[in-house]
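Residue numbers (the working numbering): 1 to 761. The beta carbon of each residue, even a glycine, is placed where N, CA and C say it ideally should be. Since the structure is predicted, the reported quantities are computational estimates derived from the model, not experimental observations.
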């Protein structure tokens, strides 16, 4: 006697499941039993001690990239494991390097953080053939004559030269007092700075070297501060020292009634530098008291690096709940370069020493812009000494935030090729607006802080891709800036900026902040804009409402926009000296009353960032323009109710079609009536969707067509089998139809739910 079909099916399914599970667990070729190749990467940085904040930034940046690399197909069958080492000082670094060499499992090293530690450990890495990459140790000796060490940031030779040039050309300083510590970092930085300062004709008022290991270090600092306070004109103070010495010095130097101009190297732009002030009482009373106005340089400031950096900042903040420093960004890039070299090296995992050599050789092949690795801080490639060919960004501390200075230098050419108006390396004077360091040529670039505060958005037309925006626009800058040449690149009609707000009785119609030599202009703009909207996922669509502008005449080599931060609102919105609200406050309050929610929508977030755009027909050197972009991401109000309102006919279709399977086989006419009604309903919905771009609803209609066709076939087939008295086959066919129908409905439901989750989060 044959078993009933309803007993056979479970037995067959059980047999299949048992065999598949056995294969996955026992077969040598099973995906579960394939042993993944483990790539060990050593990370050497300060875990404890005075610079632990910098070490934490290292690990965060590296960890963020490793989160992304897991989605890379190349690493799907490999496991990347970090081995963290705490290199508090030079002796510890030597022990760490020896331990890494003895364990003989690390493929490469990321770090060390400090120059002295990197130089000491580098001797062992060179001897044992272990490639290492640092993104913070800047002394020349780290990579000099050590072809196993690479650096993804500029070295002290470049940094000292850059700072001297920046002081003279951007800050208009010609006298300087120098202080540095006796570390590998401080000594080489001071030597390179002084060499360039002498070429540029600086008057060096005084020089001090601090012995940080001596008990007399604090007394030395006290004597230096005393001399500076009594000097008539000490000039600008250059401090080539680590963050700890820099904090002690700048903290002792700052007292009421004094304002010594101070500039430091990249150590002055680190978390370890600014965080050490927080314990001081005056800093707690007035954040930024000790650091306000201090200049420094860094390989990276997020506000200067465009959309790529903005995306990195968003990822970093989502994971760690904090803003990234240049250390996090540069070590993110360092591990990216390292793993890109691992991919290109085609390591076999059999001979570790040979794999290390292949990785080193792959790193060395990143030697020109054409093969550079695209990083957050820029495109990374190495010179003959294995140093990254990259610029530095000048910044200034304001209210405990390290912000881009108003004058920058951007890389415009490789001086290895002939260029107009460039001088030889030995010439101490450079053409106006141009700077040459080694083989790199830089153009002086103005930085303009720009802000947009949207009052309201209305007349939104998704089909036409247009809307009206009412917003305040302001600029903060030094010197002169022709904002009459601003071009709104996505405006429906040309927009001309009218007169700025009258912020004082002065006829200039702009505020002048005397202490910082900064001008502020503010405008109110009401205009129509356009954007490409995509309603594919209606009603769960997420739209972007943009306002974009650039300068009509000044390319990115002459003008860079920086998003103005909420901490620095336009001066036009400040209260006047009497403490009363100015006329502009009243106008802003009036505008605020005009603000109203966008009908049928809600604003999820608003971001302001700069990027670049190519302008067709421009000269090659001027083709790329810096553009400021304000984006408001908007979501529909009550998307769930909109979903049920618009999808109700399709939901009814799926319910009706399931009911067709419940009708007795001999009632074919009733089943056909349901299928015909469902097809007609789906066709009506499909017709109404013409030209709307609602692809999700359209695909759901297609699912309705498939479901109706399936129900029709099953009903007709069941009727024929019933006429042949094949009751078992009829039950099996109807059961299969129900399962397929439910699976199709579930697929549609899961897809819709996933799209809802993706667009609403």
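Problem set entry | beta strand (DSSP E) segments (min. 3 residues) lying fully within the stretch 273-358 | 295-298
For this session: Helix, strand or coil for residue 397, going by three-state DSSP, please let me know.
Result: If you number the chain shown from 1, residue 397 lands on position 397. Correct three-state label for residue 397: strand.
For this session: Report back the beta-carbon spacing between residue 107 and residue 386 to the nearest angstrom; my notes put them in contact at under 8 Å.
Result: Taking the chain shown and counting its residues from 1, the one referred to as residue 107 is at position 107. Taking the chain shown and counting its residues from 1, the one referred to as residue 386 is at position 386. Residue 107 to residue 386, Cβ: 18 Å. No contact.
Problem set entry | Beta-carbon proximity check, residue 489 vs residue 549, cutoff 8 Å | Within the chain shown, numbered from 1, the residue matching residue 489 stands at position 489. Within the chain shown, numbered from 1, the residue matching residue 549 stands at position 549. For residue 489 and residue 549, yes; Cβs fall inside 8 Å.
Problem set entry | Given residue 445 as reference, the closest of 454, 410, 99 and 435 once Cα atoms are compared | One-based indexing of the chain shown puts residue 445 at position 445. Comparing Cα positions, the closest option is 410.
For this session: Consult DSSP for residue 474 and reduce its assignment to one of helix, strand or coil.
Result: Taking the first residue of the chain shown as position 1, residue 474 is located at position 474. Residue 474 falls in the strand class under three-state DSSP.
Exercise. How about the stretch 662-669 and the stretch 630-637: do they share at least three Cβ pairs that are nearer than 8 Å?
Worked result: no
Exercise. According to the neighbour-count rule (16 or more other Cβ atoms, all chains shown, within 10 Å of its Cβ), is residue 475 buried or exposed?
Worked result: As a first step, residue 475 is located in the chain shown; it is residue number 475 there, counting from the start. Buried, by the Cβ-count rule.
For this session: Within its chain, find whatever has a CB closer than 6 Å to the CB of residue 294; leave out the 5 residues flanking it on each side and keep chain order.
Result: Within the chain shown, residue 294 is the residue found at index 294, counting from 1. Contacts found: 262 and 397.
For this session: Grab me the residues of residue 435's own chain with a C-beta within less than 6 Å of its C-beta, minus the 5 sequence neighbours each way, in chain order.
Result: Taking the first residue of the chain shown as position 1, residue 435 is located at position 435. Correct list, in chain order: 165, 409 and 442.
Problem set entry | Under the three-state DSSP convention, the category residue 376 falls into | In the chain shown, the residue the question calls residue 376 occupies position 376. Reduced to three states, the DSSP call for residue 376 is coil.
For this session: Give every residue of the same chain whose Cβ lies closer than 6 Å to the Cβ of residue 345, excluding the five residues on either side of it in the sequence, and list them in chain order.
Result: As a working mapping, residue 345 is identified with position 345 in the chain shown. Excluding positions up to five away in sequence, the list reads 358, 359 and 362.
For this session: Check whether the Cβ atoms of residue 169 and residue 146 sit closer than 8 Å, and answer yes or no.
Result: What you label residue 169 is simply residue 169 of the chain shown in a count that begins at 1. What you label residue 146 is simply residue 146 of the chain shown in a count that begins at 1. No, the pair does not count as a contact, with Cβ atoms beyond the cut-off.
Exercise. From residue 383 to residue 497, what does the alpha carbon distance come to, in whole angstroms?
Worked result: The sequence position of residue 383 within the chain shown is 383, counting from 1. The sequence position of residue 497 within the chain shown is 497, counting from 1. Distance between the alpha carbons of residue 383 and residue 497 is about 46 Å.
Problem set entry | Extent of the continuous alpha helix (DSSP H) to which residue 195 belongs | Indexing the chain shown from 1 puts residue 195 at position 195. From DSSP, the alpha helix (DSSP H) with residue 195 extends over 184-199.
For this session: Let me know the secondary structure DSSP gives residue 770 once reduced to three states.
Result: Residue 770 is absent from the model: the chain starts at 1 and stops at 761.
Exercise. What number of angstroms, rounded off, separates the C-alpha of residue 77 from the C-alpha of residue 70?
Worked result: Counted from its first residue, the chain shown places residue 77 at position 77. Counted from its first residue, the chain shown places residue 70 at position 70. So the alpha carbons of these two residues sit roughly 10 Å apart.
Exercise. Mapping DSSP to helix, strand and coil, what is residue 57?
Worked result: What you label residue 57 is simply residue 57 of the chain shown in a count that begins at 1. Helix, per DSSP.
Problem set entry | Under the three-state DSSP convention, the category residue 148 falls into | Reading the chain shown from its first residue, position 148 is the one you call residue 148. It is coil, neither helix nor strand.
Exercise. Alpha carbon to alpha carbon, how far is residue 714 from residue 738?
Worked result: The sequence position of residue 714 within the chain shown is 714, counting from 1. The sequence position of residue 738 within the chain shown is 738, counting from 1. Rounded to the nearest angstrom, the two C-alpha atoms are 10 Å apart.
For this session: May I ask which residues mark the beginning and end of the alpha helix (DSSP H) holding residue 122?
Result: Residue mapping note: residue 122 aligns to position 122 of the chain shown, counting from 1. 115-128 is the span of the alpha helix (DSSP H), which, as asked, contains residue 122.
Exercise. What are the boundary residues of the alpha helix (DSSP H) that residue 723 is part of?
Worked result: Walking along the chain shown from the start, residue 723 turns up at place 723. From DSSP, the alpha helix (DSSP H) with residue 723 extends over 695-723.
For this session: Use the C-beta contact count for residue 29: other C-beta atoms within 10 angstroms, 16 or more gives buried, fewer gives exposed.
Result: What you label residue 29 is simply residue 29 of the chain shown in a count that begins at 1. Caution applies to residue 29, whose pLDDT of 45 falls short of 50 and renders its modelled position unreliable; the value that the coordinates give is listed next. Exposed: under 16 other Cβ atoms inside 10 Å.
Exercise. Is it buried or exposed for residue 748, if we count other Cβ within 10 angstroms and need 16 for buried?
Worked result: In the chain shown, residue 748 corresponds to position 748, counting from 1. Buried, by the Cβ-count rule.
Exercise. Is the Cβ-Cβ distance between residue 679 and residue 708 less than 8 Å?
Worked result: Working through the chain shown from its first residue, we reach residue 679 at position 679. Working through the chain shown from its first residue, we reach residue 708 at position 708. It is a contact, given that the beta carbons lie within the stated cut-off.
For this session: Would you check if the stretch 268-281 and the stretch 54-61 touch, i.e. whether three or more CB-CB distances between them fall below 8 Å?
Result: yes
Problem set entry | Strand pairing of residue 461, partner residues [DSSP] | Your numbering for residue 461 matches position 461 in the chain shown. Looking at the DSSP assignment, residue 461 forms a beta bridge with 466.
Exercise. Do residue 184 and residue 115 have their CB atoms nearer than 8 Å?
Worked result: Within the chain shown, residue 184 is the residue found at index 184, counting from 1. Within the chain shown, residue 115 is the residue found at index 115, counting from 1. Yes, the Cβ-Cβ distance between residue 184 and residue 115 is below 8 Å.
Exercise. Which full runs of the beta strand (DSSP E) of 3+ residues lie inside the stretch 626-658, going along the chain?
Worked result: none
For this session: Take residue 189 and list the residues in its own chain whose beta-carbon comes closer than 7 Å to its own, dropping the five residues that flank it on each side.
Result: As a first step, residue 189 is located in the chain shown; it is residue number 189 there, counting from the start. Excluding residues within five positions, the ones whose Cβ falls inside 7 Å are 156, 159, 160, 180, 240 and 265.
Exercise. DSSP on residue 403, reduced to helix/strand/coil?
Worked result: Walking along the chain shown from the start, residue 403 turns up at place 403. Three-state DSSP puts residue 403 in a strand.
Problem set entry | Which of helix, strand or coil DSSP assigns to residue 666 | Counting from 1 along the chain shown, the entry for residue 666 is found at position 666. In this structure, residue 666 counts as coil in the three-state DSSP scheme.
Exercise. For residue 602, which of 221, 449, 686 and 540 has the nearest alpha-carbon?
Worked result: Looking up residue 602 in the chain shown gives position 602. Checking every option, the nearest Cα to that of residue 602 belongs to 540.
Problem set entry | Rounded straight-line distance, which links the Cα of residue 610 to that of residue 642 | By 1-based counting over the chain shown, the position of residue 642 is 642. By 1-based counting over the chain shown, the position of residue 610 is 610. C-alpha separation (whole angstroms): 35 Å.
Exercise. Relative to the C-alpha of residue 374, which residue among 336, 615, 706 and 238 is closest?
Worked result: One-based indexing of the chain shown puts residue 374 at position 374. For residue 374, the nearest C-alpha among the options comes from 336.
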